[in-house]
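Undergrad: Quick note on numbering: the sequence shown equals residues -26 to -1, 1 to 323 in mature numbering (1 follows the signal peptide of the UniProt record, and there is no 0). Where is the CB? At the ideal position from N, CA and C, for every residue including glycine. Remember, it's a predicted structure, so these values are computed and weren't measured experimentally. Have a look at this one.
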Amino acid sequence: MKIKPHLFILLLFSALLLTACSVNNAQQIKTTADSSKNSLKTNNTQNKAASSERVKNKKGLWNTEKAVLLRKFVNQWQQAMKQNYTSYSPRNSVSFYGVKFPAELKKGHIEVNNDKSTLEWSETGRGNKEYEVVAVYSDINADYTTNKHLYLFAFHHGRPVVLITQQNQETVDKMLYFKPTQNSDLQAGFSNIAAEKNSSASPNSTLGQELVPPVLQHTWYHYDEKGILNKVTFTNNTLVIISNGVQSTNYIRKNSYKDSENNKQHSNWLRLSNITKDGVSYLNLRGWNQTAGAGSYFGVKQESYGDKFFPVLILANGAGIWCNNTYYTSSALAAELKNYEFSDIEYYQ
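Following this line, the structure appears as structure tokens:
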């Protein structure tokens, strides 16, 4: 065991005291020696803790053990989805509609949420790109004929995120368009594995540590019929609405939320639940004490206009979850598509 210089001097001084002092001072010397011993133990404990932290950081955010857990999780999740996925890597690449992954990551032809982004393959989840991809899964080689999916499991500035594309043809700008997955179970499963928490795949599972799915956590823009710009901003537990220049902040809670104020009226609390319609996962928000009415539904769907691919926030209401308005990730796009209606969205009549 290597002893630091100041500890060695302290122990040596204690030994000299044991030799020189009389029997009458024995108790005092014992106390000094015990103190030195405890000091050594404390420093050793601190050194071990620091060493453990250095090892943990050196290992990174991802490792082979987590990769195995992710494979098991996806195997369970795909059964609930009635799909069939295969894992791919630099040693086992996949051609997704003619594009090789993960080799394509380093070519700089990828946009995430309509923003050109840098991505790379990483064994540890650490690197100098915006997205460090640690796993690739796709059902491109499955024997069903529905639209295929390509998922990238990545760390975005250290935060786990699952990106998806279903793009099946080349665009004029030769870009590939990804977005955060709308599947909250898949995102929560990956987040839990990254955080070394238990994961399970079930249609009734919760959102893990997330209240609002990452795909919704954005500022969205919409121009109304009067030309007024309205905004909707989601965080993990808040919804901020700016409508006609008036701002309201609402706090999102689960139905099982426990609080000493639980039985009182909360005008700015919203109760969340989840529902899927036409392949879109919606966040259903109602007033905390609301007893009637369907509330409002918020869901994100990937759409295209011309040669552009982009996410659209659907604000829907009513028993049929009919779309009232569509919101966009930029005010410019909202202005361009002010009165546009997409053919695959059911609008309120």
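Helix, strand or coil for Val189? Go by DSSP, reduced to three states.
TA: Start at 1 with the first residue of the sequence shown, and residue 189 comes out as number 215. Looking at Val189 - three-state DSSP - the assignment turns out to be helix.
Undergrad: Helix or strand or just coil, what does DSSP make of Ile216?
TA: In the sequence shown, residue 216 corresponds to position 242, counting from 1. The answer is strand: DSSP assigns Ile216 an E or B state.
Undergrad: According to DSSP, what are the bridge partners of Asn66?
TA: As a working note, residue 66 is residue 92 in the sequence shown. Answer is Ser63.
Undergrad: Please state whether DSSP places Arg227 in a helix, a strand or coil.
TA: For the purposes of this step, residue 227 is taken as residue 253 along the sequence shown, with counting starting at 1. DSSP places Arg227 in strand when its eight states are reduced to three.
Undergrad: Who are the near neighbours of Leu311 in its chain, counting only those whose CB is closer than 8 Å to its CB and skipping five residues on each side?
TA: Position 337 of the sequence shown, counted from the first residue, corresponds to residue 311. Taken in chain order, the residues that qualify are Tyr279, Thr300, Tyr302.
Undergrad: Closest to Gln143 by CA distance: which of Asn121, Asp159, Ala128 is it?
TA: Position 169 of the sequence shown, counted from the first residue, corresponds to residue 143. Out of Asn121, Asp159, Ala128, Asn121 has the C-alpha closest to the C-alpha of Gln143.
Undergrad: Taking DSSP as the reference, what is the three-state secondary structure of Glu277?
TA: On the sequence shown, position 303 is the one that residue 277 refers to. Three-state DSSP puts Glu277 in a strand.
Undergrad: Would you give the residue range spanned by the beta strand (DSSP E) that Asn49 belongs to?
TA: Working through the sequence shown from its first residue, we reach residue 49 at position 75. Looking at the DSSP string, Asn49 is not in any beta strand (DSSP E); the run it does join, the alpha helix (DSSP H), is 38 to 55.
Undergrad: So what's Phe164 in DSSP terms, helix, strand or just coil?
TA: Along the sequence shown, one-based indexing puts residue 164 at 190. Helix.
Undergrad: Report yes if the CB atom of Leu190 is closer than 8 Å to the CB atom of Leu289, and no otherwise.
TA: Stepping through the sequence shown from its first residue, residue 190 is reached at position 216. Stepping through the sequence shown from its first residue, residue 289 is reached at position 315. In this structure, Leu289 does not lie closer than 8 Å to Leu190 by Cβ.
Undergrad: Using DSSP bridges, identify the partner residues of Lys74.
TA: Within the sequence shown, residue 74 is the residue found at index 100, counting from 1. Answer by DSSP bridge pairing, in chain order: Ser69.
Undergrad: Which of the three DSSP states, helix, strand or coil, is assigned to Lys103?
TA: Walking along the sequence shown from the start, residue 103 turns up at place 129. Note: Lys103 maps to coil in three-state DSSP.
Undergrad: Tell me which residues share the same chain as Asn218 and place their Cβ nearer than 7 Å to its Cβ, disregarding the 5 neighbours each side in the sequence.
TA: Here the question's residue 218 lines up with position 244 in the sequence shown. Once the five neighbours on either side are set aside, the close Cβ partners of Asn218 are Ile202.
Undergrad: Taking buried to mean at least 16 other C-beta atoms within 10 Å of its own C-beta, is Lys200 buried or exposed?
TA: Mapped onto the sequence shown, residue 200 falls at position 226. Flag for Lys200 reads exposed.
Undergrad: Going by C-alpha distance, which of Asp147, Gln57, Asp89, Asn102 is nearest Gly132?
TA: Within the sequence shown, numbered from 1, the residue matching residue 132 stands at position 158. Scanning Asp147, Gln57, Asp89, Asn102 for the CA closest to the CA of Gly132 turns up Asn102.
Undergrad: Between Trp296 and the rest of its own chain, which residues show a CB-CB distance below 7 Å, the 5 nearest in sequence each way excluded?
TA: Numbered from 1 along the sequence shown, position 322 holds the residue referred to as residue 296. Its chain contains Ala290, Glu320, Tyr321, Tyr322 as the residues whose beta carbon lies nearer than 7 Å to that of Trp296, once the 5 sequence neighbours on both sides are disregarded; these appear in chain order.
Undergrad: On the three-state DSSP scale, how would you describe Lys312?
TA: Position 338 of the sequence shown, counting from 1, holds the residue named residue 312. Three-state DSSP puts Lys312 in coil, outside helix and strand.
Undergrad: Whole angstroms is fine: what's the gap from Gly261's alpha carbon to Ser304's?
TA: Within the sequence shown, numbered from 1, the residue matching residue 261 stands at position 287. Within the sequence shown, numbered from 1, the residue matching residue 304 stands at position 330. Spanning the two alpha carbons is a distance of roughly 28 Å.
Undergrad: Distance, Cα to Cα, Thr155 vs Ala169?
TA: The residue labelled residue 155 in the question sits at position 181 within the sequence shown. The residue labelled residue 169 in the question sits at position 195 within the sequence shown. Per the coordinates, the alpha-carbon of Thr155 lies some 19 Å from the alpha-carbon of Ala169.
Undergrad: Near Phe129, which residues of its chain fall below 6 Å by C-beta distance, leaving aside the five closest residues on each side in sequence?
TA: Walking along the sequence shown from the start, residue 129 turns up at place 155. These residues qualify, in order along the chain: Leu35, Gly99, Glu106.
Undergrad: Quick check on DSSP: helix, strand or coil for Lys4?
TA: As a position in the sequence shown, residue 4 is number 30, starting the count at 1. Note that Lys4 has pLDDT 46, beneath the 50 cutoff, so the model's placement of it is unreliable and the number below is only indicative. Three-state DSSP puts Lys4 in a helix.
Undergrad: What is the C-beta distance between Val110 and Pro76, in whole angstroms, given that I count them as a contact (C-beta under 8 Å)?
TA: Translated into the one-based positions of the sequence shown, residue 110 becomes position 136. Translated into the one-based positions of the sequence shown, residue 76 becomes position 102. 5 Å between Cβ atoms; contact.
Undergrad: Does the separation of the CB atoms of Ser113 and Asn58 fall below 8 Å?
TA: By 1-based counting over the sequence shown, the position of residue 113 is 139. By 1-based counting over the sequence shown, the position of residue 58 is 84. Rather than Ser, the amino acid found at residue 113 in this sequence is Asp. Taking 8 Å as the Cβ cut-off, Asp113 and Asn58 qualify as a contacting pair.
Undergrad: Contact defined as beta carbons within less than 8 Å: I believe Lys153 pairs with Val206. What is the distance between those atoms, to the nearest angstrom?
TA: As a first step, residue 153 must be located in the sequence shown, where it is residue number 179. As a first step, residue 206 must be located in the sequence shown, where it is residue number 232. Not really, about 17 Å apart at Cβ, beyond 8 Å.
Undergrad: For Ser270, name the three-state secondary structure that DSSP assigns.
TA: Counting from 1 along the sequence shown, the entry for residue 270 is found at position 296. If DSSP states are grouped into helix, strand and coil, Ser270 belongs with the strands.
Undergrad: Between which two residues does the beta strand (DSSP E) holding Asn298 run?
TA: Position 324 of the sequence shown holds residue 298. 296 to 301 is the extent of the beta strand (DSSP E) around Asn298.
Undergrad: Need the endpoints of the beta strand (DSSP E) that Ile249 sits in, please.
TA: Numbered from 1 along the sequence shown, position 275 holds the residue referred to as residue 249. 243 to 251 is the span of the beta strand (DSSP E), which, as asked, contains Ile249.
Undergrad: Just to confirm before moving on: does the CB-CB distance between Leu244 and Asn263 stay below 8 Å?
TA: Translated into positions along the sequence shown, residue 244 becomes position 270. Translated into positions along the sequence shown, residue 263 becomes position 289. Result no, Cβ atoms of Leu244 and Asn263 do not sit closer than 8 Å.
Undergrad: In terms of DSSP beta bridges, what is Ile288 paired with?
TA: On the sequence shown, position 314 is the one that residue 288 refers to. Under DSSP, Ile288 takes part in a beta bridge, and its partners are Gly273, Thr300.
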